[in-house]
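So the protein sequences, as listed, match chains A and B.
The C-terminal position of the first sequence is numbered 665 in the working numbering, with every residue numbered one higher than the one before it.
The C-terminal position of the second sequence is numbered 646 in the working numbering, with every residue numbered one higher than the one before it.
For each residue, glycine too, the CB sits at the ideal point set by N, CA and C.
Predicted model, so just to flag it, every value in this text is computed and none were measured.
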Amino acid sequence: MSKIVLSHIDKFYGDNHVLRDINLTIEDGDFMTLLGPSGCGKTTTLRVVSGLEKPQHGTMTIDDRPVIDADAAFYEAPSKRGLNLVFQSYALWPHMTVFQNVAFGLKIKKMKKAEIEETVMGALRTMRIEEYRDRYPNELSGGQQQRVAIARAIASSPKLLLLDEPLSNLDARLRIDMRAELKRLHKETGTTIIYVTHDQVEALTMSTKIALFKEGEISQIDTPLGLYTNPIDLQAADFIGNPRINFIDAKGVYNGDTLTVTSEFGTYVFPHETLKLDEEIPEGEEFECVLGLRPEMVDIYTQDPNHKNTVAAKIYANQPAGSETLVTLTVGNTEFLAIQVGLVEYDMNQDVFVVLHPGRMNVYNKSTGRLIKYAKTKHKAGIDD
Amino acid sequence: MAKKGWKRPPMTWKRFKNLFLNVVGNPFNVIVAITLIILFIFIIIPLLTMIQNTFVTTRGALREVRKVYPDAQVGSYTLYSWRYLFGAENFVSSGDMGLKGTLIYVNLLEPLFHSLTIGFFVTIISVPLGALMAWLMVRTDIPCKGLLSSLILIPYMIPSWCKALSWLTVFRTPEYGGFNGLLTGMGIGVPDWLAYGPIAIIVVMTMHYYAFSYIMVSGALRSINSELEEMGEIQGANKAQILKNITLPLVLPSILSATIMTISKSIGTYGVAARLGEPAGYHVLATKMKWFLGRSSTEAVGYILSIVMIALAAGTIFINQRLIGKRKSYATIGGKGTRSNPIPLGGAKWPMLTLLVIFLVVAMFMPLFFLVMESFQIIPGNGYGADNLTLYAWIGQLENAPNTAFDRDGLFSPHNELFWRSLWNTVKLSLIASVITAVFGQFFGYITTRGRGKWYGNAVEQLIFIPYLMSGVAFSAIYYAMFSQPHLWGLIPSLTGTFMLILLVSIVKHFPFASRSGSSNMMQISTELEEAATINGAGFWRRIGSIIIPLARHGFLSGFLLSFISIAKELDLIAILITSEENYTLSFLSFTYSETMPQAGDAICIIIIAFILITNKIADKFGGNVSKSM
Chain A
281 MSKIVLSHID
291 KFYGDNHVLR
301 DINLTIEDGD
311 FMTLLGPSGC
321 GKTTTLRVVS
331 GLEKPQHGTM
341 TIDDRPVIDA
351 DAAFYEAPSK
361 RGLNLVFQSY
371 ALWPHMTVFQ
381 NVAFGLKIKK
391 MKKAEIEETV
401 MGALRTMRIE
411 EYRDRYPNEL
421 SGGQQQRVAI
431 ARAIASSPKL
441 LLLDEPLSNL
451 DARLRIDMRA
461 ELKRLHKETG
471 TTIIYVTHDQ
481 VEALTMSTKI
491 ALFKEGEISQ
501 IDTPLGLYTN
511 PIDLQAADFI
521 GNPRINFIDA
531 KGVYNGDTLT
541 VTSEFGTYVF
551 PHETLKLDEE
561 IPEGEEFECV
571 LGLRPEMVDI
581 YTQDPNHKNT
591 VAAKIYANQP
601 AGSETLVTLT
611 VGNTEFLAIQ
621 VGLVEYDMNQ
631 DVFVVLHPGR
641 MNVYNKSTGR
651 LIKYAKTKHK
661 AGIDD
Chain B
17 MAKKGWKRPP
27 MTWKRFKNLF
37 LNVVGNPFNV
47 IVAITLIILF
57 IFIIIPLLTM
67 IQNTFVTTRG
77 ALREVRKVYP
87 DAQVGSYTLY
97 SWRYLFGAEN
107 FVSSGDMGLK
117 GTLIYVNLLE
127 PLFHSLTIGF
137 FVTIISVPLG
147 ALMAWLMVRT
157 DIPCKGLLSS
167 LILIPYMIPS
177 WCKALSWLTV
187 FRTPEYGGFN
197 GLLTGMGIGV
207 PDWLAYGPIA
217 IIVVMTMHYY
227 AFSYIMVSGA
237 LRSINSELEE
247 MGEIQGANKA
257 QILKNITLPL
267 VLPSILSATI
277 MTISKSIGTY
287 GVAARLGEPA
297 GYHVLATKMK
307 WFLGRSSTEA
317 VGYILSIVMI
327 ALAAGTIFIN
337 QRLIGKRKSY
347 ATIGGKGTRS
357 NPIPLGGAKW
367 PMLTLLVIFL
377 VVAMFMPLFF
387 LVMESFQIIP
397 GNGYGADNLT
407 LYAWIGQLEN
417 APNTAFDRDG
427 LFSPHNELFW
437 RSLWNTVKLS
447 LIASVITAVF
457 GQFFGYITTR
467 GRGKWYGNAV
477 EQLIFIPYLM
487 SGVAFSAIYY
497 AMFSQPHLWG
507 LIPSLTGTFM
517 LILLVSIVKH
527 FPFASRSGSS
537 NMMQISTELE
547 EAATINGAGF
557 WRRIGSIIIP
567 LARHGFLSGF
577 LLSFISIAKE
587 LDLIAILITS
597 EENYTLSFLS
607 FTYSETMPQA
617 GDAICIIIIA
627 FILITNKIAD
637 KFGGNVSKSM
């Protein structure tokens with residue numbers, strides 16, 4: 281059982297404040313992904329958890345046992361934290377065979393020889409690389425090296441497994457295979473995993489929870505679905521999702537009960553219960569806001585579908601890509617992107633009708649950049665929203 | 017520690033205890049502390065002691081000192097030595113010779129002027145020569161590249177004092193050298209200004225120090241992506257324009273570095289000047305210093321000259337850093353430019369090849385040839401006829417000597433105890449010193465790479481750099497001064513004339529080079545490999561033993577072999593420390609023989625050169641080569 285709690289962690293490199301007041305709780309069995317662009321502090325956070333970096337401020341506990349207490353200059357040694365780490369570079373020792381690499385930590389624990397043999401082979405079997413036990417790392421492909429690195433990390437049966445961008449050095453196909461492998465590993469072992477990546481697809485497909493990092497701070501902690509449907513601010517919304525979310529400038533009026541938003545798509549009234557009331561929403565006056573519209577939530581019709589949220593639009597460009605088609609449209613002066621499943625052909629400048637679903641839109645206050653209206657997740661949304 | 021928005025937590029007992037345990041409980045910190053102490057003891061303290069000793073009255077100097085300071089006792093502090101050199105009476109000219117008639121001119125200015133002259137000419141000849149050769153070898157389609165590149169650094173591997181001895185085999189004159197050389201033996205008169213003095217010294221040093229600019233510039237050229245030059249071509253520049261506007265500016269920092277290094281090395285060289293200048297009374301700073309050190313009443317004056325030499329070297333390095341400053345980063349431009357298309361030389365191909373061949377003949381074949389031939393001669397300078405050839409210098413016994421001028425047994429004769437002892441001393445010295453320097457070098461390298469940007473990493477790096485600043489003679493003068501009397505109430509006895517002192521100097525002087533080889537070695541071992549071991553529970557010593565040592569093995573071996581070469585051929589560094597035959601090394605023996613039995617001196621040179629070439633070949637196998645041992 282392992283529950284990790286980081287509170288008020290601050291880390292400086294010289295004058296450079298790289299982690300700012302990090303608070304993060306990782307429940308037992310979580311697959312927690314630290315997501316963000318490079319240089320945002322996610323790897324540093326991982327290294328703080330592992331014990332390779334010492335923060336200047338803050339505390340960390342594992343199952344309520346203090347592991348870091350910066351004020352008392354107390355930092356438990358990495359090896360006593362019951363965790364293991366897979367490095368981005370794999371960090372396989374080039375002078376040791378696969379077997380020796382995996383057995384290294386077990387030998388240090390003074391495990392018996394027969395037991396080491398059994399444990400190592402178990403780990404190699406889990407990663408399906410038994411046949412390479414006597415090879416040296418430079419005799420293996422990138423994907424195989426990756427498996428060895430993971431085998432080495434899981435051989436000591438850590439309660440917590442840390443993974444630092446483990447897939448970034450693999451090609452696209454191998455990456456998909458390894459994603460499945462890691463997901464299976466998490467399910468099979470039940471180990472708590474902290475996973476660092478800048479790849480949102482990895483984060484969305486594998487995690488149970490995502491912590492989104494921005495410039496040394498955590499801007500949002502949520503489930504993948506929650507993060508995708510309701511990014512907390514404009515930057516997060518922009519970062520999550522491929523192709524990118526559409527931002528549509530609009531004017532909003534909040535009367536204390538409902539929020540009325542007017543844009544070139546028309547006017548929508550959002551009910552009270554969908555509003556995020558702990559954010560700043562100017563009351564009784566018109567203010568600038570931004571509609572967030574995911575490309576897959578735009579339905580395109582060539583005939584008027586007689587839906588209440590229908591808007592007339594023009595095709596600007598059309599990019600069929602096999603399994604999906606990207607369509608750029610204009611409504612008035614607003615340009616936006618839609619995505620449709622399968623191959624669809626449109627002519628340039630063709631007149632079409634789009635149906636939008638206000639219930640699935642996000643609204644952001646433009647001056648603060650923060651989310652002020654939640655979107656419903658798709659499966660809960662009725663067709664009329 | 018001005019960190020915005022963060023206050024240092026209050027110092028509690030618990031915090032203090034943990035901070036203390038964090039520092040002391042980590043063997044790395046302990047090693048850093050020990051390293052700093054060692055460097056302080058063996059570099060800073062000797063330097064300060066030497067400065068102090070310029071004021072201290074020694075027993076040997078007491079009588080002279082009392083003439084000026086009647087109350088002086090052994091150990092009392094006076095300005096005697098400084099007045100000896102800079103006293104007002106030194107600036108008074110005797111007779112009508114002007115400045116040349118003053119003592120300051122004889123004792124300081126003339127040797128200084130000679131040193132600077134030599135430094136200047138060696139530099140302006142050898143730097144362009146080395147740079148041109150580097151460009152030809154790296155960037156052009158010069159024929160026989162493979163063969164040339166395997167030969168081109170061999171002249172540098174022949175120790176400079178061996179080349180001086182070889183020069184004498186040809187140009188020696190009986191008045192100054194005691195024997196004929198090849199030319200006087202053939203009845204061709206050799207003017208003294210050619211045989212001895214600045215020209216001889218400059219020629220010999222040029223054949224040695226061309227290597228600095230060759231090694232540095234070829235390194236810089238190799239790191240330049242040839243696409244940069246090709247881009248110039250696409251823009252319409254011709255070859256000369258490309259060379260002038262693209263290539264040269266990019267290698268300029270390395271040329272500047274080589275220039276500074278050549279100046280500072282050629283100013284500091286002792287052996288060449290001692291054989292090719294001193295016999296004719298041509299003194300440079302290094303030989304003048306040795307002369308002062310050799311008389312007990314003026315030892316401290318020698319220290320002052322040594323300080324002058326250190327100041328000169330430090331000054332040139334300082335200028336170097338000011339000149340290059342930020343531009344130094346040029347040298348690291350893209351390691352990706354491995355694919356490079358050689359520039360066709362066209363009509364210049366054969367003249368350039370001829371130039372290189374002439375250089376190799378003059379700097380490599382001729383010195384080796386004359387050394388080998390003279391080692392077989394009965395009477396030096398008497399031609400290479402069968403009646404003048406003998407193996408005496410190699411294996412002869414005194415009772416069968418073919419020539420009365422031979423006053424000792426041949427080298428490998430069982431009765432030549434001095435040779436066997438020198439051989440043993442050389443082996444002992446090189447082996448012990450190079451093992452110790454190589455081990456220390458790896459630790460220094462470890463500390464400087466892992467502590468890059470931290471105060472202790474910088475401190476170690478800067479301390480280690482100090483011996484590099486000093487020429488061999490100046491450096492050994494420091495140790496001579498430091499250990500001429502007992503220290504710590506007799507705990508450290510006087511080491512004058514002991515093997516221990518020679519060993520110590522050889523070790524510390526090679527620290528900079530060993531630590532450079534150590535850090536380039538450690539740089540290749542990523543910290544993540546160590547961190548992975550930390551995570552798996554390996555402590556510091558376990559990491560060193562299981563990860564660092566196995567991975568650093570090859571680099572260690574090549575570093576060891578290169579220090580081994582460098583120590584085995586060293587002459588300047590130990591010349592003033594060897595005071596009795598007990599401590600002779602091969603290089604010193606050869607140097608002494610060259611005055612009484614040059615054939616044997618030559619033979620030792622050949623032994624040393626053969627040894628260097630073989631060891632270098634072995635080091636090459638482990639990824640090291642002579643270009644890393646500058």
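Proximity below 8 Å, CB of residue i to CB of residue j
| i | j | result |
| --- | --- | --- |
| B:ARG424 | B:MET613 | yes |
| B:LEU292 | B:ALA379 | no |
| B:VAL40 | B:ILE463 | no |
| B:LEU52 | B:TYR472 | yes |
| A:ARG415 | A:VAL366 | no |
| A:HIS466 | A:PHE311 | yes |
| A:GLY385 | A:LEU514 | no |
| B:THR543 | B:ARG466 | yes |
| A:GLN620 | A:ILE595 | no |
| A:GLY321 | A:GLY496 | yes |
| A:PHE616 | A:LEU573 | yes |
| B:SER229 | B:VAL90 | no |
| B:PRO127 | B:VAL300 | yes |
Close-in-space but distant-in-sequence residues of the same chain around residue i (CB under 6 Å, 5 per side omitted)
| i | result |
| --- | --- |
| A:VAL533 | THR540 and GLU566 |
| B:VAL220 | LYS179, ALA180, TRP183 and VAL288 |
| A:GLN599 | LEU606 |
| A:VAL549 | THR538 and THR540 |
| A:GLU544 | VAL611, GLY612 and THR614 |
Close Cβ partners of residue i (< 7 Å) along its chain, the five nearest in sequence each way excluded
| i | result |
| --- | --- |
| B:THR631 | LEU577, PHE580 and ILE581 |
| B:ILE480 | LEU55, PHE460, PHE527, PRO528 and SER531 |
| A:LYS291 | VAL298, LEU299, THR324, VAL328, GLU333, PRO335 and GLN336 |
| B:ILE634 | LEU577 |
| B:MET539 | THR465 |
| A:TYR654 | ASN510, THR554 and LYS556 |
| B:GLY103 | none |
| B:GLN393 | ASN404, LEU405 and GLN615 |
Supposed contact pair residue j and residue i - C-beta distance, whole angstroms, cut 8 Å
| i | j | result |
| --- | --- | --- |
| B:ILE262 | B:GLU245 | 6 Å |
| A:GLY362 | A:PRO438 | 6 Å |
| B:GLY575 | B:GLY534 | 7 Å |
| B:ALA302 | B:SER487 | 7 Å |
| A:PRO374 | B:LEU567 | 7 Å |
Run of the alpha helix (DSSP H) containing residue i, from where it starts to where it stops
| i | result |
| --- | --- |
| B:ALA619 | 614-637 |
Unbroken beta strand (DSSP E) run spanning residue i, endpoints
| i | result |
| --- | --- |
| A:SER499 | 497-502 |
| A:PRO346 | 345-349 |
| A:CYS569 | 566-573 |
| A:PHE667 | Any question about residue 667 of chain A goes unanswered here, given that chain A covers just 281 to 665. |
| B:ARG75 | Per DSSP, B:ARG75 belongs to no beta strand (DSSP E) and is neither H nor E. |
| B:GLN458 | B:GLN458 -> not in any beta strand (DSSP E); alpha helix (DSSP H) instead, spanning 433-466. |
| A:SER543 | 539-543 |
Check: residue i C-beta below 7 Å from any heavy atom of the ligand PLP
| i | result |
| --- | --- |
| B:THR465 | Judged by which ligands are present, the structure shown has none, so any question about the ligand PLP falls away. |
Close Cβ partners of residue i (< 8 Å) along its chain, the five nearest in sequence each way excluded
| i | result |
| --- | --- |
| B:PRO396 | THR185, ARG188, PHE195, ASN196, GLY197, GLY201, GLU390, PRO614 and GLN615 |
| A:GLU411 | none |
Task: Stretch-stretch touch, CB-based, cutoff 8 Å, three pairs: the stretch 590-605 of chain B with the stretch 489-507 of chain B - done: In this structure the stretch 590-605 of chain B lies against the stretch 489-507 of chain B, because at least three pairs of beta carbons, one per stretch, are closer than 8 Å.
Task: Cβ pair count under 8 Å reaching 3, the stretch 339-349 of chain A against the stretch 519-526 of chain A - done: Three or more beta-carbon pairs separated by less than 8 Å are not found between the stretch 339-349 of chain A and the stretch 519-526 of chain A, which leaves the two stretches without contact.
Open item on the list: Quick test of the definition: if touching needs 3 or more C-beta pairs under 8 Å, does the stretch 120-134 of chain B touch the stretch 254-270 of chain B?
Closed with: Touching, no.
Task: the stretch 315-323 of chain B touching the stretch 234-242 of chain B, judged by at least three CB pairs closer than 8 Å - done: Touching, no.
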